[in-house]
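Trainee: Going down the list, the protein sequences come from chains A and B.
The first sequence runs 1 to 193 under UniProt numbering.
The second sequence runs 1 to 598 under UniProt numbering.
The C-beta atom is built at its ideal place from N, Cα and C for all residues, glycine as well.
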Amino acid sequence: MELSESVQRGLQLLADPSVVDPSSFQVLLDVSFRGLLASRADPAILDQPELKHIDRIQVKQIHAALATFILEAVKHNADKSTISSCLEELTFSPERLELFFTTHQKHKKEVESLLSSIGRRLPHVHDVSWRLQYQMKNGQLDKINEPFYLISLNTENEGSPEDVNFTCTTEQLQDLVAKLKDAAKSVEKASQM
Amino acid sequence: MEEVDKILIHALRQVGTEVGENIERVGQFTSELIVEAVVRCIRVIDPGPGGVLPTTLPPGMSARFRVGMSLAQACQDIGYKGEIGYQTFLYSNEPEIRSLLMFLVEKLPRESSEASDQPTGKSAVLHRAIATVIKAQLAVSWVPLNCRLPLHGETQSRAASQKFSVHPLSLPYCNEGQKSLKEVKEYKRDILLPATAQSPSQTSMVSSMLEQHMADLSSTQEWDTEWKSQGLLYRLAPQEYRSRKLKRLRNRIKEQLRSVAMQSPESIYSVCRPSSELSDLLRAFRGPAPFDLILTKGTHFTHTQKFTFTEEATAVKSQVHSGRHSEGDTQLHQQEELALLQQQFQQLCSDIDQIAADMRHRSVTSTQVFDELKQRELENAKNQEDMQVKKTTLELLPDADNNLQKLQSQVETGASRVVNLASQWEKHRAPLIEELRRLKQICSSKDLESSTKLSEIKHLHEKICMATEDAKKKEESYKQLVTELESLPRDVSRSAYTQRILEIVGNINKQKEDITKILSDTKELQKEINNLTGKLDRTFAVTDELVFKDAKKDESVRKSYKYLAALQENCNQLIQTIEDTGTILREIRDLEEQVGIS
Chain A
1 MELSESVQRG LQLLADPSVV DPSSFQVLLD VSFRGLLASR ADPAILDQPE
51 LKHIDRIQVK QIHAALATFI LEAVKHNADK STISSCLEEL TFSPERLELF
101 FTTHQKHKKE VESLLSSIGR RLPHVHDVSW RLQYQMKNGQ LDKINEPFYL
151 ISLNTENEGS PEDVNFTCTT EQLQDLVAKL KDAAKSVEKA SQM
Chain B
1 MEEVDKILIH ALRQVGTEVG ENIERVGQFT SELIVEAVVR CIRVIDPGPG
51 GVLPTTLPPG MSARFRVGMS LAQACQDIGY KGEIGYQTFL YSNEPEIRSL
101 LMFLVEKLPR ESSEASDQPT GKSAVLHRAI ATVIKAQLAV SWVPLNCRLP
151 LHGETQSRAA SQKFSVHPLS LPYCNEGQKS LKEVKEYKRD ILLPATAQSP
201 SQTSMVSSML EQHMADLSST QEWDTEWKSQ GLLYRLAPQE YRSRKLKRLR
251 NRIKEQLRSV AMQSPESIYS VCRPSSELSD LLRAFRGPAP FDLILTKGTH
301 FTHTQKFTFT EEATAVKSQV HSGRHSEGDT QLHQQEELAL LQQQFQQLCS
351 DIDQIAADMR HRSVTSTQVF DELKQRELEN AKNQEDMQVK KTTLELLPDA
401 DNNLQKLQSQ VETGASRVVN LASQWEKHRA PLIEELRRLK QICSSKDLES
451 STKLSEIKHL HEKICMATED AKKKEESYKQ LVTELESLPR DVSRSAYTQR
501 ILEIVGNINK QKEDITKILS DTKELQKEIN NLTGKLDRTF AVTDELVFKD
551 AKKDESVRKS YKYLAALQEN CNQLIQTIED TGTILREIRD LEEQVGIS
């Protein structure tokens, strides 16, 4: 996990006991996680009484660096050893490291889900309904006598439901089912590595 | 057998059998213990039928018999080839139980050995992690839409997904090199929002922060590589290098801008000259410009273009309007007026053009005139100087001799002064030249030194890079090994194994001693044989001599001598045959061994 120079500088400020005392350290941690996880941005998030005695510019620097570091750590799915080696290089004391790690563990899942919500996805099929029809004849042929299926997949994309409708003959349906089975099998195979 | 038993007991304990501490041999197993051990092993090997079997022996004899039968059946199902029946469990004997347990323990699935067999490496670890995640997700049962809990949220229904949109963030990092202005500081202190509050939405905030960080990282990396590859060659401090580069870039941009601005817009459309990207860009930038710049830059082209376009537009307009006669009059009037005005405008524009061309012409002629004037003035000055010289010579002419002498003396003094000055100059020059040479030498030596230092620095950079990479790789492998170590089972039977190995080593030592003993025995035997043959040979020679002496005298002795010779020959043949048999036997043994091996 590489960190840019500005982030490193911010974290070094955070590690410095002469700049950030233990109580404001905890507050800064909480504030940073809260700022990342709050659905609505709060411009007054740094106006805490515990942070009053620190220089405003430094508070903002530390906050930005810490938020970036948290995001990077979650993005790389960094384990404890990685995080601790990273922070030890930036002169974090063991207590602060432990404090950061416990807070990080507490919020990791939420940050993960936040990060995973960015991007694009295919619609998610959650139900299917079908109907069998029988075609006797049409304008060209007098006698067809073939069944065909009307299938409607209930899908959900980005929270809004939408349906996918199509018709298919028996062979096509069989083909589709075989493909789906194939896919399921491949997933199972992937899980048994 | 003891070490085998130890290993067996250890394996059974791992399976979950409660083998007492004081039991050290399979022979000490009770029937109950045997049944429990076998059932546990079968359960691990094949959970299906093994799950039905009881782990304890029931008290009733018939029930015991049944349990024994079913166990024997289960063992045979797994693939045990040896003799097995209820009696094996109820009336056990040591070798049978040992062989059965060894079979079962061998059959136990070996997770640990498989785990160590798996390929290691980053990608393998990642694949394994993916596999476990997929497995976990497959294990979650499907639930109808209405009954979903947040637990299922990850796999079975997705929350709304947001696009990766990035906003520029303004972060309060200050460059240490330059002192920031007081206003900037104030802005940072009082007005600048915290980083997480700068974007409109949560996800765009997250993505912008990631993006910003990535951009920072990549720019520093780029700078590093550039500095190491090219920047060092300039022998400047990083900041100087930066400022120099900035200056160069600025100059280039300026030049490009100037050159493009000097091209008349006609060339933009008529000829597309191959040029650098920047000028292309500028041209593209200027492409749509003529419509906006008509008034500021009046040239033939823009005007004609403009007028053709507007005329077309009006033509279209008039076509449209001719269809509608209801509002005819006023519009017609307006059109006429418009046409008139346009004509006037055109006139005016062409006038302006003409005047501009005129002005240009005039300015050109005026510059020409100025040049001429300057030339003339120069000539004039020259002529005046000439005239001055001639005037003085004319004045001196009347008193020619006197003046000539004076002039000569003056010339002489001048010449002597020149010589004097030259010698003085020579005096000054020599040390100066010396110094110059010295300085040059120093300079070149310093140059050399600096270039060697430069190459050293480069070398060091490379070394640093390599070392960091190495360290990273080693750290990774260390981490991997640590995880592997953690995943490995804590093997308690290690001491048993080592003891066994030690015992084997002891055995081998003993065997070696035996072999040396046998070897020495063989040597002794060989020596004895040699002795005997020597003795035999001597005895034969003596006998031969004695008998030969007597043979001359006596007929019977001669016969006996013949017999002796025959005996000697036969015995030799016998010995030869025995030796041959020995070698053949050895060969046979060798071949048999080879057959056995292959």
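1) Which residue marks the beginning of the beta strand (DSSP E) containing CYS168(A), and which one marks its end?
2) Could you tell me the boundaries of the alpha helix (DSSP H) in which TRP130(A) lies?
3) Kindly say whether THR196(B), judged by its beta-carbon, lies nearer than 8 Å to any beta-carbon of chain A.
4) Under 8 Å between C-beta atoms, does ILE144(A) make it to chain B?
5) With 8 Å as the limit, tell me which residues of the region 205-234 of chain B have their beta carbon closer than that to any beta carbon of chain A; keep them in chain order.
6) Which residues in chain B sit within 9 Å of ALA12(A), going by Cβ to Cβ distance?
7) Could you pull the DSSP bridge partners for GLN162(B) from this structure?
8) Give a yes or no on contact between the region 494-513 of chain B and the region 85-100 of chain A, applying the rule of three or more CB pairs nearer than 8 Å.
9) If the cut is a Cβ gap below 8 Å, which residues of chain A does THR203(B) touch?
10) Go ahead and label ASP5(B) buried or exposed: buried means 16 or more other beta carbons lie within 10 angstroms of its beta carbon, across all protein chains shown.
11) Alpha carbon to alpha carbon, how far is THR82(A) from LEU246(B)? Give it in angstroms, no decimals.
12) Pick helix, strand or coil for THR56(B), following the three-state DSSP scheme.
13) Using a Cβ cut-off of 8 Å, pull out every chain A residue sitting near ALA131(B), in sequence order please.
14) In whole angstroms, what is the alpha-carbon distance linking LYS535(B) and ASN507(B)?
15) In angstroms with no decimal places, state the Cα-to-Cα distance between PRO238(B) and LEU29(A).
16) Thinking ASP26(B) and GLU83(B) are a contact (beta carbons under 8 Å), I'd like their distance in whole angstroms, please.
17) Using the rule of at least 16 other Cβ atoms within 10 Å of the residue's Cβ for burial, across every protein chain shown, is VAL111(A) buried or exposed?
18) Alpha carbon to alpha carbon, how far is GLY177(B) from LEU460(B)?
19) Could you give the distance in angstroms between the alpha-carbon of THR452(B) and the alpha-carbon of LYS446(B)?
20) In the DSSP assignment, the alpha helix (DSSP H) including LEU217(B) goes from what residue to what residue?
21) Under 7 Å between beta-carbons, which chain B residues line up against LEU29(A)? List them in chain order, please.
22) Is it buried or exposed for PHE69(A), if we count other Cβ within 10 angstroms and need 16 for buried?
23) Between which two residues does the beta strand (DSSP E) carrying SER39(A) extend?
24) Suppose the cutoff is 6 Å on Cβ atoms and the five residues either side in sequence are ignored; what does the same chain contact list for SER23(A) look like?
25) Can you look up LEU14(A) in the DSSP assignment and give me helix, strand or coil?
26) For LEU338(B), which three-state DSSP category applies?
27) Any C-beta of chain A sitting closer than 8 Å to the C-beta of ILE464(B)?
28) Rounded to a whole number of angstroms, what is the C-alpha to C-alpha distance between SER207(B) and ASP175(A)?
29) In three-state DSSP terms, what is PRO238(B)?
30) Of all the CB atoms in chain B, is at least one closer than 8 Å to the CB of GLN174(A)?
31) What are the boundary residues of the beta strand (DSSP E) that PRO147(A) is part of?
32) In angstroms with no decimal places, state the Cα-to-Cα distance between ASP537(B) and PHE548(B).
33) Could you pull out every unbroken alpha helix (DSSP H) segment of at least 4 residues lying fully inside the UniProt domain "CCDC22 N-terminal" (1-109) of chain B, listed in chain order?
34) Quick one: grab the DSSP three-state call for ILE134(B).
35) Return the chain-ordered list of same chain residues with a C-beta closer than 6 Å to the C-beta of GLN319(B), the five sequence neighbours on each side being excluded.
36) Determine the closest residue to GLN198(B) out of SER219(B), PRO172(B), SER520(B), LEU454(B), with distance taken between C-alpha atoms.
Mentor: Quick answer:
1) Looking up residue 168(A) in the first sequence gives position 168. Segment 160-169, the beta strand (DSSP E) holding CYS168(A).
2) Walking along the first sequence from the start, residue 130(A) turns up at place 130. Premise fails: TRP130(A) lies in the beta strand (DSSP E), 124-135, not in any alpha helix (DSSP H).
3) As a working mapping, residue 196(B) is identified with position 196 in the second sequence. Output row for THR196(B): interface = yes.
4) In the first sequence, residue 144(A) corresponds to position 144, counting from 1. No, ILE144(A) does not count as interfacial toward chain B.
5) Hits within the stretch, in order: MET205, VAL206, SER207, MET209, LEU210, GLN212, HIS213, ASP216, LEU217, THR220.
6) Taking the first residue of the first sequence as 1, we reach residue 12(A) at position 12. One point to set straight first is that residue 12(A) is Gln, not Ala, in the sequence displayed. Those within 9 Å of GLN12(A) in chain B number zero; the least Cβ separation is about 12 Å.
7) On the second sequence, position 162 is the one that residue 162(B) refers to. Note: GLN162(B) sits in a beta bridge opposite ILE118(A).
8) no
9) Here the question's residue 203(B) lines up with position 203 in the second sequence. The contacting residues are LEU114, SER117, ILE118.
10) Here residue 5(B) refers to the residue found at position 5 of the second sequence. It counts as buried.
11) Within the second sequence, residue 246(B) is the residue found at index 246, counting from 1. Within the first sequence, residue 82(A) is the residue found at index 82, counting from 1. Each residue's alpha carbon lies about 39 Å from the other.
12) For the purposes of this step, residue 56(B) is identified with residue 56 of the second sequence, where counting begins at 1. Coil, per DSSP.
13) Taking the first residue of the second sequence as position 1, residue 131(B) is located at position 131. In chain order: ALA190, SER191, GLN192, MET193.
14) Translated into positions along the second sequence, residue 535(B) becomes position 535. Translated into positions along the second sequence, residue 507(B) becomes position 507. Cα to Cα, the separation comes out at about 42 Å.
15) For this step, residue 238(B) is matched to residue 238 along the second sequence. For this step, residue 29(A) is matched to residue 29 along the first sequence. Their Cα atoms are separated by approximately 36 Å.
16) Within the second sequence, the letter at position 26 stands for residue 26(B). Within the second sequence, the letter at position 83 stands for residue 83(B). The sequence shown places Val at residue 26(B), not Asp. Contact doesn't hold; Cβ gap of about 17 Å is too wide.
17) Locating residue 111(A) in the first sequence gives position 111, counting from the first residue. With 16 or more Cβ atoms within 10 Å of its Cβ, VAL111(A) is classed as buried.
18) Locating residue 177(B) in the second sequence gives position 177, where the first residue counts as 1. Locating residue 460(B) in the second sequence gives position 460, where the first residue counts as 1. Since pLDDT at GLY177(B) reaches only 46, below the 50 mark, its modelled position is unreliable, and the value read off the structure follows with that caveat. Taking the straight line joining both Cα atoms gives about 26 Å.
19) Translated into the one-based positions of the second sequence, residue 452(B) becomes position 452. Translated into the one-based positions of the second sequence, residue 446(B) becomes position 446. Whole-angstrom Cα-Cα distance: 10 Å.
20) If you number the second sequence from 1, residue 217(B) lands on position 217. Unbroken alpha helix (DSSP H) run through LEU217(B): 202-229.
21) Taking the first residue of the first sequence as 1, we reach residue 29(A) at position 29. Under the 7 Å cutoff, chain B gives no residues; its nearest Cβ is about 13 Å from LEU29(A).
22) One-based indexing of the first sequence puts residue 69(A) at position 69. Buried, because 16 or more other Cβ atoms sit within 10 Å of the Cβ of PHE69(A).
23) In the first sequence, the residue the question calls residue 39(A) occupies position 39. Secondary structure note for SER39(A): it is in no beta strand (DSSP E), with a DSSP letter that is neither H nor E.
24) As a working note, residue 23(A) is residue 23 in the first sequence. Excluding sequence neighbours, SER23(A) sits near GLU50.
25) As a working note, residue 14(A) is residue 14 in the first sequence. The answer is helix: DSSP assigns LEU14(A) an H, G or I state.
26) Within the second sequence, residue 338(B) is the residue found at index 338, counting from 1. Residue state, collapsed to three classes: helix.
27) Indexing the second sequence from 1 puts residue 464(B) at position 464. With respect to chain A, the C-beta atom of ILE464(B) has no partner C-beta closer than 8 Å.
28) One-based indexing of the second sequence puts residue 207(B) at position 207. One-based indexing of the first sequence puts residue 175(A) at position 175. Distance between the alpha carbons of SER207(B) and ASP175(A) is about 41 Å.
29) Stepping through the second sequence from its first residue, residue 238(B) is reached at position 238. Helix.
30) Taking the first sequence and counting its residues from 1, one reaches residue 174(A) at position 174. It does not: the Cβ of GLN174(A) has no partner Cβ on chain B nearer than 8 Å.
31) Here the question's residue 147(A) lines up with position 147 in the first sequence. Its beta strand (DSSP E) spans residues 146-157.
32) Here residue 537(B) refers to the residue found at position 537 of the second sequence. Here residue 548(B) refers to the residue found at position 548 of the second sequence. Answer to the nearest angstrom: the Cα atoms are 16 Å apart.
33) 2-15, 31-45, 47-50, 61-78, 86-90, 94-107
34) Taking the second sequence and counting its residues from 1, the one referred to as residue 134(B) is at position 134. Note: ILE134(B) maps to helix in three-state DSSP.
35) What you label residue 319(B) is simply residue 319 of the second sequence in a count that begins at 1. The pLDDT assigned to GLN319(B) is 49, lower than 50, so where the model puts this residue is not dependable; a value taken from the coordinates is nonetheless given after this. None.
36) Sequence index remark: in the second sequence, residue 198(B) carries index 198 (1-based). Of the candidates SER219(B), PRO172(B), SER520(B), LEU454(B), the one whose C-alpha sits nearest the C-alpha of GLN198(B) is PRO172(B).
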